Amino acid sequence: MFPGEIHALLGENGAGKSTLVSIAAGRLVADSGEILRGGSQASYRNARDARHAGLVLVPQHDLLIGAASVADNLAFLDPAAPFFESAAARRARVGRLAQAFGLELGDADARADALPVGTRQRIEIAGALAGDPDVLILDEPTAVLSPDETAALFASLRKRADAGAAVVLITHRLAEVFAGADRLTLLARGRSVKTCRVSETTPQEIGGLLLTNTEGEKNFLEGVWGARALDSRADTPGGRSQTHSSEHAAQSAATQPLPSLVLTGFAPDEARAVRAERISLSLLPGEILVLLAIDGNGADTIARAIAGLERFSGRVEVGGVPLPLSGDPLAFRAAGGAFVPADRREEGLVAALSLSENLALPNPPGSVFLDRPAMRAHAEERLRAFGVRYASPAALAGSLSGGNQQKTVLARELAHRPGVLVAVHPTRGLDLASAAAVRSRILDACRSGTAALAVTADPDEAQLFGAPLRVVYRGRLSAALEPTTPPAALGRLMAGLEG
Amino acid sequence: MSRESAARRFAVAAAALSAAAAALVGLALLAGASPLDAVRALAEGAAGSPAALGETLARATALVLTAIGASLAFRVGVLNIGLEGQFLAGAVAAAAVGPLLAGSPLAARAGLLAAAALAGALWVMPAAYLEARRGVPEVLSTILLNLVAAAGVSGLVRGALQDPGGDYPQSRALPDAVRLAPLAAGGRVTAAILIALALALFATLLLEWTPFGLKLRATGLAPAAARAIGLPRARLRLLAFAASGALAGLAGGLEVLAVTGRLYDPFTAGVGYTGIAAALLGGSHPLAAAVSAVLFAALGTGSSAMQRDTGVPGALATIVPGVLVLAVLAARARLARKAA
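Chains A and B, in that order, are what the protein sequence lines are. Under this note's numbering, the first residue of the first sequence carries the number -16, and numbering increases by one thereafter. Under this note's numbering, the first residue of the second sequence carries the number 79, and numbering increases by one thereafter.
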């Protein structure tokens, strides 16, 4: 790492990127080896020491204080904040930093735990940039940013680098690396595979290296070119021809299968986020609808309310069964629903239970005693089918990398052929191969009759499903769009510049 | 915690035992006695004779039950700190219905214990309700209910429940036919300890080996995930509240039935709190917590003998559990940080 450069760190999920930077920033202890900075050993005992030494890490999952306001969190993060500071000064900092770094930071008085993941991540980034650190490490900062914010972030990073700072950036998006970074290092299974200047290589070469260092994903290409995979689906009866007229599907029920998911005058009650407009739509078995939105526009809340995790008004029917307005995840699941939450670590898996225990929930086998052999066999079958890399079914779910955790969640959710799958950011933070695998599993499920509602913030991702899109902006849904809509047009809709 | 590796368990146990040994040696030296003599007196006082062992086991009964109750609650993520109050509620119920029960002694005992368990479960319900409906932390509400229960006992033994045949602040004695007879003549230990140990085994089997236990553990380890995955989180938590309250209530009922025969004031010297300490020491694992509870009871009986024989203060019986629990928690936290 040199002063004045932006260095991209690439590698599949589980390659060791997050672990490496956590050690550098004093959050984890190295098993062996040493870290040199300016020629002398630099091992920090904790993140505070590292921060004092001018090294700041923006972690993949933000570490804001949930009960504190945006203004207070930023005051904690800003090393220049005075010991005593008026509430007005703290509020003013929010606006100042939002302006300086081109990031939407939300309401200064909002509690951090009431904010969507994307906004929280932006607060963390703004707090890190505020201190003008000498070494700035960002762990997948762009996964939750809009295209405009990503551009603004790179401009801020370049400014820091020009001022002599070293910037490390972990990302899965090759386009960003080639647009914004000076050098790159490719990691695979904890080892450095290649380090070079960005100008000396091509996206094709790096993309190839990423893939050859990944375990052979059978359905990789199919998943990457999900659109093509779905085109073949159009040939099968009940395929694509129905997708566009979903609103009218219910009326012609006599000739078509009953819809799997029907929303009628539906709106989540969620007061803290953007209030969604009333929505009416229906999905037939095998249909996919992609909701595309920047975090904070209410798309996640719509998905969570359908899954029974938020209160709502109007009507939700899953497999013909109306769900209670107060929100009941059990009723949603009993009606044949499955849910992939945005926060897989908090809501997707029980980190401290084993993989086989996780895959056995919510209804573990056994009449009196747990049928452990059955659990083990079931887990091995599911994990293999979903290409999860794991040591043993007895390994703790929390020990897996993000991509493998996400595949495990899908393995559980798709185990019982759900009628409806609601998936929020199913591929967020995953490497290309894992993302493709996750997408292809969802498409597989839809081919065998599951209706899917996917929420994503990434236009490219949205298109890869090859299904109708709807952009959500401030709680309002756009008309159904073709999957072939140009990303630039989608970006404008997401930012509310059109529509 | 049930998943600690063997090496990790060993490290934690080593840390705890060295801390406890240090406390023991330090106290002995302060009192000017030989630490070896003190340990010998402690061991003999706790288990050196059938009578001493019986006394230890008699004391252990209530502790084992409250330790299981705390373990069950903690494993489901319910921080029931009110076992002391639920213990008292059970004792009150036993003292209130005991003298009224007629018929065969067996039926009377069953009725008395059922009433005690029910009273313990009911005593925790306000906390469960407030937590579920209003988000009131159960740590606060259960601990406050302890004070209410203690004040209630104090009022009842001077009022409604006072023995009409005497002036003491105590309830009427249970009929001798109903009281549990000692297992050995002259001793104090009864079949109650067997009931307690059987329940510890049952709770362990339930948590670790049944489908239902897996649901309970998942709820405790990750409440948000439990809800999203589709576990009946609210119902499981309510059940954990009720079960831990019932176990503490049962402890109170057995204390009246097997040990005291009546209710008086003050009725407990912190059996609910010591049960929590035993649960923490045992990693909220019911069997391990039961072993810790027996150990604490042994410290209690042994330390009075030690004070008599060597002059080392009997306060050791309260110091050592405290030191043990602190050492275990510190060692676990440190290991968890290293492993993260």
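Ideal Cβ positions, reconstructed from N, Cα and C, are used throughout, including at glycine. Model, not experiment: these values are computed from the prediction.
Query raised in the report: For chain A, is any of its Cβ atoms less than 7 Å away from the one on B:Ala318?
Result: On the second sequence, residue 318 of chain B is found 240 positions in, with the first residue counted as 1. Output row for B:Ala318: interface = no.
Report task. State the Cα-Cα distance for the pair A:Phe67 and B:Ser381, rounded to the nearest angstrom. Result -> On the first sequence, position 84 is the one that residue 67 of chain A refers to. On the second sequence, position 303 is the one that residue 381 of chain B refers to. Approximately 53 Å between the Cα atoms of the pair.
Query raised in the report: Quick one: does B:Leu292 have its CB under 7 Å from some CB of chain C?
Result: Going by chain labels, chain C is absent from the structure shown, which instead holds the protein chains A and B.
Query raised in the report: In three-state terms, what does DSSP make of A:Ser339?
Result: Locating residue 339 of chain A in the first sequence gives position 356, where the first residue counts as 1. It is helical.
Query - Complete runs of the alpha helix (DSSP H) confined to the region 290 to 359 of chain A [at least 4 residues] - result: 312 to 317 and 338 to 343
Query raised in the report: Taking only beta-carbon atoms, is B:Ala210 less than 7 Å away from chain A?
Result: Here residue 210 of chain B corresponds to residue number 132 of the second sequence, with the count starting at 1. Output row for B:Ala210: interface = no.
Report task. For B:Val406, decide whether its Cβ has a neighbour in chain A, counting only Cβ atoms nearer than 7 Å. Result -> Here residue 406 of chain B refers to the residue found at position 328 when the second sequence is read from its first residue. Cβ-Cβ to chain A under 7 Å: no for B:Val406.
Report task. Grab me the residues of B:Leu135's own chain with a C-beta within less than 6 Å of its C-beta, minus the 5 sequence neighbours each way, in chain order. Result -> In the second sequence, the residue the question calls residue 135 of chain B occupies position 57. Within the same chain, B:Leu135 has close Cβ partners Val267 and Ile271.
Query raised in the report: Rounded to a whole number of angstroms, what is the C-alpha to C-alpha distance between B:Gly389 and B:Ala106?
Result: Position 311 of the second sequence, counted from the first residue, corresponds to residue 389 of chain B. Position 28 of the second sequence, counted from the first residue, corresponds to residue 106 of chain B. Taking the straight line joining both Cα atoms gives about 8 Å.
**Report entry** C-alpha distance - B:Val372 paired with B:Val217, whole-angstrom precision
**Finding:** Walking along the second sequence from the start, residue 372 of chain B turns up at place 294. Walking along the second sequence from the start, residue 217 of chain B turns up at place 139. Each residue's Cα considered, the two are about 25 Å apart.
Query raised in the report: chain A partners of B:Pro310, CB-CB under 7 Å?
Result: Reading the second sequence from its first residue, position 232 is the one you call residue 310 of chain B. Those are Leu313, listed as they occur along chain A.
Query raised in the report: Can a CB atom of chain B be found closer than 7 Å to the CB of A:Phe369?
Result: Taking the first residue of the first sequence as 1, we reach residue 369 of chain A at position 386. Closer than 7 Å: no.
Query - At least 3 beta-carbon pairs within less than 8 Å: the region 163 to 175 of chain B vs the region 388 to 407 of chain B - result: no
Query raised in the report: Apart from the five residues on each side of it in sequence, which residues of its chain come closer than 7 Å, Cβ to Cβ, to A:Ser461?
Result: Within the first sequence, numbered from 1, the residue matching residue 461 of chain A stands at position 478. Closer than 7 Å at Cβ, skipping near neighbours: Arg453, Val454, Leu476 and Gly482.
Query raised in the report: For B:Leu108, which of helix, strand or coil comes out of DSSP?
Result: Mapped onto the second sequence, residue 108 of chain B falls at position 30. Helix, per DSSP.
Query raised in the report: Is there contact between the region 45 to 60 of chain A and the region 73 to 81 of chain A, where contact requires at least three CB pairs shorter than 8 Å?
Result: yes
Report task. Starting from B:Ala296, find everything on chain A with Cβ-Cβ shorter than 7 Å and list it in chain order. Result -> Sequence index remark: in the second sequence, residue 296 of chain B carries index 218 (1-based). Under the 7 Å cutoff, chain A gives Val333, Leu336 and Leu344.
Report task. Assign A:Asn346 to one of two classes, buried (16 or more other C-beta atoms within 10 Å of its C-beta) or exposed (fewer than that). Result -> As a working note, residue 346 of chain A is residue 363 in the first sequence. Flag for A:Asn346 reads exposed.
Requested in this report: Taking all protein chains shown into account, decide if B:Ala423 is buried (16 or more other Cβ within 10 angstroms of its Cβ) or exposed.
Outcome: Outside the displayed range of chain B (79 to 418) lies residue 423 of chain B, so it cannot be described from this structure.
Report task. Consult DSSP for A:Ile271 and reduce its assignment to one of helix, strand or coil. Result -> Sequence index remark: in the first sequence, residue 271 of chain A carries index 288 (1-based). DSSP places A:Ile271 in strand when its eight states are reduced to three.
Query - Through-space distance from A:Thr185 to B:Ala94, alpha-carbon basis - result: Reading the second sequence from its first residue, position 16 is the one you call residue 94 of chain B. Reading the first sequence from its first residue, position 202 is the one you call residue 185 of chain A. Approximately 58 Å, taken between the alpha carbons.
Requested in this report: Taking B:Leu299 as the query, report the chain A residues whose CB atoms sit under 8 Å from its CB, ordered along the chain.
Outcome: Counting from one through the second sequence, the residue named residue 299 of chain B turns up at place 221. The answer, in chain order, is Val333, Ala334, Ala335 and Leu336.
Requested in this report: Return the CA-CA distance between B:Phe280 and B:Ala195, expressed in angstroms with no decimal places.
Outcome: Indexing the second sequence from 1 puts residue 280 of chain B at position 202. Indexing the second sequence from 1 puts residue 195 of chain B at position 117. Whole-angstrom Cα-Cα distance: 16 Å.
Query - Interface partners of B:Pro289 on chain A, CB under 9 Å - result: In the second sequence, residue 289 of chain B corresponds to position 211, counting from 1. Within 9 Å Cβ-Cβ: Ala343, Asn346, Pro347, Pro348, Gly349, Ser350, Val351, Phe352, Leu353 and Asp354.
Report task. With 7 Å as the threshold, decide whether the Cβ of B:Arg305 is near any Cβ in chain A. Result -> Locating residue 305 of chain B in the second sequence gives position 227, counting from the first residue. Cβ-Cβ to chain A under 7 Å: yes for B:Arg305.
Query - A:Leu353 versus B:Ala355, B:Gly298, B:Pro289 and B:Ala405, residue with shortest Cα-Cα distance - result: Taking the first sequence and counting its residues from 1, the one referred to as residue 353 of chain A is at position 370. Of B:Ala355, B:Gly298, B:Pro289 and B:Ala405, the residue nearest in Cα terms is B:Pro289.
Query raised in the report: What's the C-alpha gap between B:Gly400 and B:Ala98?
Result: As a working note, residue 400 of chain B is residue 322 in the second sequence. As a working note, residue 98 of chain B is residue 20 in the second sequence. Rounded to whole angstroms, B:Gly400 to B:Ala98 spans 9 Å at the Cα level.
Requested in this report: Express the C-alpha separation of A:Gly89 and A:Thr439 in angstroms, rounding to a whole number.
Outcome: Reading the first sequence from its first residue, position 456 is the one you call residue 439 of chain A. Reading the first sequence from its first residue, position 106 is the one you call residue 89 of chain A. Using only the alpha carbons, I get a separation of about 20 Å.
Query raised in the report: Taking the C-alpha atoms as reference points, what is the distance between A:Gly537 and A:Ser309?
Result: Residue 537 of chain A lies beyond the residue range present for chain A, which begins at -16 and ends at 482; the question has no answer from this structure.
Query raised in the report: Which residues does DSSP pair with B:Val217 in a beta bridge?
Result: Against the second sequence, residue 217 of chain B aligns to sequence position 139. For B:Val217, which the question treats as bridged, DSSP gives no partner whatsoever.
Requested in this report: Please say whether B:Leu143 and B:Ala329 have beta carbons closer to each other than 7 Å?
Outcome: By 1-based counting over the second sequence, the position of residue 329 of chain B is 251. By 1-based counting over the second sequence, the position of residue 143 of chain B is 65. Cβ atoms of B:Ala329 and B:Leu143: closer than 7 Å.
**Report entry** CB contact check: A:Glu(-12) to chain B, cutoff 7 Å
**Finding:** In the first sequence, the residue the question calls residue -12 of chain A occupies position 5. No - not a single Cβ of chain B is within 7 Å of the one on A:Glu(-12).
Query raised in the report: Which same chain residues, not among the five before or five after B:Ala303, have their C-beta less than 8 Å away from its C-beta?
Result: Residue mapping note: residue 303 of chain B aligns to position 225 of the second sequence, counting from 1. Within the same chain, B:Ala303 has close Cβ partners Ala296.
Query raised in the report: Where A:Ser175 and B:Arg87 are concerned, what is the direct C-alpha to C-alpha distance, given to the nearest angstrom?
Result: Position 192 of the first sequence, counted from the first residue, corresponds to residue 175 of chain A. Position 9 of the second sequence, counted from the first residue, corresponds to residue 87 of chain B. Distance between the alpha carbons of A:Ser175 and B:Arg87: 36 Å.
Requested in this report: Kindly indicate the opening and closing residues of the beta strand (DSSP E) around A:Phe249.
Outcome: Here residue 249 of chain A refers to the residue found at position 266 when the first sequence is read from its first residue. Run containing A:Phe249: Leu244 to Pro251, per the beta strand (DSSP E) assignment.
Query raised in the report: What residues from the region 289 to 323 of chain A come within 7 Å of chain B, judged by C-beta to C-beta, listed N to C?
Result: Leu292, Pro312, Leu313, Arg316 and Phe322
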